[in-house]
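Q: For the sequence shown, this note's numbering puts the final residue at 260, and the numbers step up evenly by one. Shown below is the structure under consideration.
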Amino acid sequence: MLAALLTPALMAAGWIAIEPHRVMGRLAQLLILVGLWPFLRWQGLARREALGYGPSWLVLRRSIIGGWVLGVLILVALVLALLELEIRLPDTSPDSWSQTALRVAQALIGGLLIGVLEETFFRGALYSAIRRHSGVRSAMIWSAALYAVLHFMKPGELPEPAAFDGLGALRMFVYVFVDLFQWKHLDSLAALFMVGLLLALVRERTGHIGWCIGLHAGWVLVIQVNRRLTDGNDDSPLSFLVGDYDGTIGWLAALWIGLLMALYWAGSAGLRAWRARSG
-18 MLAALLTPAL MAAGWIAIEP HRVMGRLAQL LILVGLWPFL RWQGLARREA LGYGPSWLVL
42 RRSIIGGWVL GVLILVALVL ALLELEIRLP DTSPDSWSQT ALRVAQALIG GLLIGVLEET
102 FFRGALYSAI RRHSGVRSAM IWSAALYAVL HFMKPGELPE PAAFDGLGAL RMFVYVFVDL
162 FQWKHLDSLA ALFMVGLLLA LVRERTGHIG WCIGLHAGWV LVIQVNRRLT DGNDDSPLSF
222 LVGDYDGTIG WLAALWIGLL MALYWAGSAG LRAWRARSG
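Written as structure tokens, this is what we have:
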């Protein structure tokens, strides 16, 4: 709401030349970052344990590295399946090796930043807050649901004839919520929800977010590289298995992540039971 109120004045100043809906989105993200720490302190969550950073930095660093490797392997397997099924095809005019290397480096750094920021909030503070009040099941479901939904809560671009003013800002703000209910997002929403559940389960089983950060960062890297090196194949009869959010996630990703989550759930539960009997 603050971003919607401030964007018209910011655009009128003439300092920024990008589209209003992008300005509103970036301004909203900036306001979230500015207000996050005071909000966490107000909620009593500004502690290492509540944010998921309870173990030593050595343990966290090893977990992040291990999670990153595992995350890359998980999504590389998905991308290979998409290529084998011809849902995506190799790019016929790829960038040069130097450009590709630069993009990979950017995706690596960006993935780590996204992993730290998003996991600190979703599997750190948010998960801890809901778990404290409502238990593990609610924490897993609601943190995953909010994680999935927020990926699609973006201001909409105004149609060409419409002027950007206070009414235009209101239209973009309303679009943030209206766009959620389009059927075209259902497959990507389902995949992101399963991702959120898996990360929440990892958070619960390990007791920290080190592995979550690594997994998240690895996934972002593979998705970004996949978008650069391959193209979607709309002529494929199986193209419905991938959504239009990033060209990688969709129904197939939801099934793959769901399978991994079930295996991890059963394996970690069995390991805990064995440790309890052995102890």
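Just so you know, even glycine gets a beta-carbon here, dropped at the ideal spot from N, CA and C.
Can you list the alpha helix (DSSP H) stretches of 4 or more residues lying completely in the region 115 to 186, in chain order?
A: Runs of the alpha helix (DSSP H) inside the region 115 to 186: 117 to 131 and 147 to 159.
Q: Does the region 164 to 175 come into contact with the region 116 to 134, if we say contact requires no fewer than three beta-carbon pairs (one atom in each stretch) closer than 8 Å?
A: With a cut-off of 8 Å, the region 116 to 134 and the region 164 to 175 count as touching, because enough Cβ pairs lie within range.
Q: Buried or exposed for L235, please, with buried defined as at least 16 other CB atoms from any protein chain shown within 10 angstroms of its CB.
A: According to the sequence provided, residue 235 is Ala. The question's Leu does not apply to it. By the neighbour-count rule (16 or more Cβ atoms within 10 Å), A235 is buried.
Q: Tell me, which residues are paired with R69 by DSSP?
A: In DSSP, R69 forms a bridge with G213.
Q: Could you work out which residue in T(-12), C193, G213 and E65 is closest to H2 when comparing CA atoms only?
A: The residue with the shortest Cα to Cα distance from H2 is T(-12).
Q: Starting from the C-beta of Q24, find all residues in its chain whose C-beta is less than 8 Å away, skip the five residues before and the five after it, and write them out in chain order.
A: A106 and A110
Q: In the DSSP assignment, the alpha helix (DSSP H) including A106 goes from what residue to what residue?
A: No alpha helix (DSSP H) contains A106, which DSSP labels as neither H nor E.
Q: Run through DSSP, which three-state label would R28 get?
A: It is coil, neither helix nor strand.
Q: I need the straight-line Cα distance from G16 to A(-15), nearest angstrom please.
A: 16 Å
Q: Have a look at W237 and G147 and give me their C-alpha separation to the nearest angstrom.
A: 44 Å
Q: Should I204 be labelled buried (16 or more other beta-carbon atoms within 10 Å of its own) or exposed?
A: Per the 10 Å Cβ criterion, buried.
Q: What's the gap between the Cα of L41 and the Cα of M175?
A: 24 Å
Q: So, using beta-carbon positions, are D72 and D216 closer together than 7 Å?
A: no
Q: If you drop the 5 nearest sequence neighbours on each side, which residues of the same chain put their C-beta closer than 8 Å to that of I95?
A: H197, A198 and V201
Q: For the alpha helix (DSSP H) containing G2, name the first residue and the last one.
A: Just to set this straight, residue 2 is His in the shown sequence, not Gly. Here the alpha helix (DSSP H) through H2 covers P1 to W23.
Q: State the DSSP-derived secondary structure class of H197, mapped to helix, strand or coil.
A: helix
Q: For the alpha helix (DSSP H) containing M242, list its first residue and its last residue.
A: W232 to S259
Q: Hey, how far is the Cα of V97 from the Cα of L233?
A: 26 Å
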